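Residues 236 to 507 in our numbering are what the sequence shown spells out, letter by letter. By construction, the Cβ of each residue, glycine as well, lies at the ideal position given by its N, Cα and C atoms. Treat the numbers as computed from the prediction; the structure is a model and nothing was measured. These notes are about the structure you will find just below.
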Amino acid sequence: METKINPRINFYQLKYYLKDSLNPCLIKNTQIYSLVKELTSRFCPSYKDRVEKRWEDFYLPLKRSGKKIALPFKIIKYKRDYFCYFFRLGSLRISKGEKDTEEIYKKIFQDALRFARLIEKKGAEILEKIVPYDLRTGRIKGKYIFDKVLSLKEKEKIEKDYSEIHSGGKALLKKNIKLKGCCLNEYLEVASICYKAAYGKEADGLNLLQMYKKFADGRDGGMLSIKNWASKKEFLNWYKNRRKIGSHPFEIVFSWHRHGIYLYPPSSYNKG
């Protein structure tokens, strides 16, 4: 059994091989598939339903700037394929096949397996020393990262100004105006507003589709295959009849935890 941390992969080398963050790198190799299966079989999933299983807390030992570190990653089994998400670096999609692939992909899961055995022997305390702060996730109180919440006085002033500028402004706020359906272009347009507000410069220069592919869950359930993106009728038909079970088309921001950020379109189902 392993007794020491001996990383074989360099952090920046891994970053190079996972550099396409818009789409998971597809690996069709049964040997690598078996390694992922062996790794996940050692632990109970943190979430499970008919088509999906999730394992949240795996770690890959790496070398970075002369130091030994551990990179958090998670694995999702969706139908028959495995999706591996490496924190801040990119993702892999792994299925069975005989396609030759770079040796580094095999090393990833061999090293993750060895490290899992080491953690079982030494205890999870070793992670406290080798998971860098810039690669950690967790909960932080909002007061430390969010702008100060508006005071009641400031809120009342904004409403008053709105009322003065727009005749009957307060009545307008109370109307709870809702759209009747939307097309795919409109949905992605609204999603882009969310992305620009949340990610700022990181969303600069990206079009609607690029933003969605970069930040969303990725399992669009056929939504991006709609032929006419300007048709509300086609979007509604896909929504009601052709949406794939287990997909996450409206998870516009993928989360490492159980749920990300969802943006649901207006429809007869959600009364929007």
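| request: Write down the C-beta distance between K298 and P367 rounded to the nearest angstrom, noting that I regard them as a contact closer than 8 Å. | output: Counted from its first residue, the sequence shown places residue 298 at position 63. Counted from its first residue, the sequence shown places residue 367 at position 132. That belief does not hold up - the Cβ atoms of K298 and P367 are roughly 12 Å apart, past 8 Å.
| What beta strand (DSSP E) runs, 3 residues minimum, are completely inside the region 263 to 306? | 287 to 299
| message | Tell me the rounded alpha-carbon separation between I393 and S482. | response | What you label residue 393 is simply residue 158 of the sequence shown in a count that begins at 1. What you label residue 482 is simply residue 247 of the sequence shown in a count that begins at 1. Computed Cα separation, rounded: 40 Å.
| message | Less than 8 Å between the C-beta atoms of S427 and M446, yes or no? | response | Position 192 of the sequence shown, counting from 1, holds the residue named residue 427. Position 211 of the sequence shown, counting from 1, holds the residue named residue 446. Cβ atoms of S427 and M446: closer than 8 Å.
| field | Candidates K475, K288, I343: closest to P501 by CA position | value | Within the sequence shown, the letter at position 266 stands for residue 501. Among K475, K288, I343, the Cα nearest to that of P501 is on K475.
| field | the region 322 to 332 contacting the region 284 to 304, beta-carbon criterion three pairs below 8 Å | value | no
| query | If we count the other Cβ atoms within 10 Å of its Cβ and call it buried at 16 or more, is D346 buried or exposed? | reply | Here residue 346 refers to the residue found at position 111 when the sequence shown is read from its first residue. Buried: at least 16 other Cβ atoms inside 10 Å.
| request: Give a yes or no on whether the C-beta atoms belonging to I310 and T275 are separated by under 8 Å. | output: Sequence index remark: in the sequence shown, residue 310 carries index 75 (1-based). Sequence index remark: in the sequence shown, residue 275 carries index 40 (1-based). In contact: I310 and T275 (Cβ atoms closer than 8 Å).
| request: Report the residue from K479, N472, R477 whose alpha carbon sits nearest the alpha carbon of C418. | output: Here residue 418 refers to the residue found at position 183 when the sequence shown is read from its first residue. Taking only the C-alpha atoms, the option nearest C418 is N472.
| said: So for I343, helix, strand or coil by DSSP? | reply: By one-based count along the sequence shown, residue 343 stands at place 108. Reduced to three states, the DSSP call for I343 is helix.
| Does the beta-carbon distance from K312 to K288 come in below 8 Å? | For the purposes of this step, residue 312 is taken as the residue at position 77 of the sequence shown. For the purposes of this step, residue 288 is taken as the residue at position 53 of the sequence shown. Result yes, Cβ atoms of K312 and K288 sit closer than 8 Å.
| query | Do the region 331 to 338 and the region 260 to 270 make contact, defined as three or more Cβ pairs closer than 8 Å? | reply | yes
| Nearest candidate by alpha-carbon position, reference L270, set I343, E291, K431 | As a first step, residue 270 must be located in the sequence shown, where it is residue number 35. Answer by Cα proximity: I343.
| message | Rounded to the nearest angstrom, what separates A433 and Y379 at their Cα positions? | response | Position 198 of the sequence shown, counting from 1, holds the residue named residue 433. Position 144 of the sequence shown, counting from 1, holds the residue named residue 379. Roughly 17 Å between the two C-alpha positions.
| Assuming K449 and L441 make a contact with CB atoms under 8 Å, what is their CB distance in whole Å? | On the sequence shown, position 214 is the one that residue 449 refers to. On the sequence shown, position 206 is the one that residue 441 refers to. The pair is a contact, with the Cβ atoms about 7 Å apart (cut-off 8 Å).
| request: Starting from G358, follow its DSSP beta bridges and name the residues at the other end. | output: Position 123 of the sequence shown, counting from 1, holds the residue named residue 358. None, per the DSSP bridge assignment.
| said: Would P296 and F350 qualify as a contact pair, given that the criterion is a beta-carbon distance under 8 Å? | reply: Start at 1 with the first residue of the sequence shown, and residue 296 comes out as number 61. Start at 1 with the first residue of the sequence shown, and residue 350 comes out as number 115. In this structure, F350 lies closer than 8 Å to P296 by Cβ.
| DSSP three-state call for E363: helix, strand or coil? | Start at 1 with the first residue of the sequence shown, and residue 363 comes out as number 128. Three-state result, E363: helix.
| Rounded separation between G435 and Y422 - CA only | One-based indexing of the sequence shown puts residue 435 at position 200. One-based indexing of the sequence shown puts residue 422 at position 187. About 19 Å.
| said: Let me check one thing: in DSSP terms, what residues is K309 bridge-paired to? | reply: As a first step, residue 309 must be located in the sequence shown, where it is residue number 74. For K309, which the question treats as bridged, DSSP gives the partners Y320.
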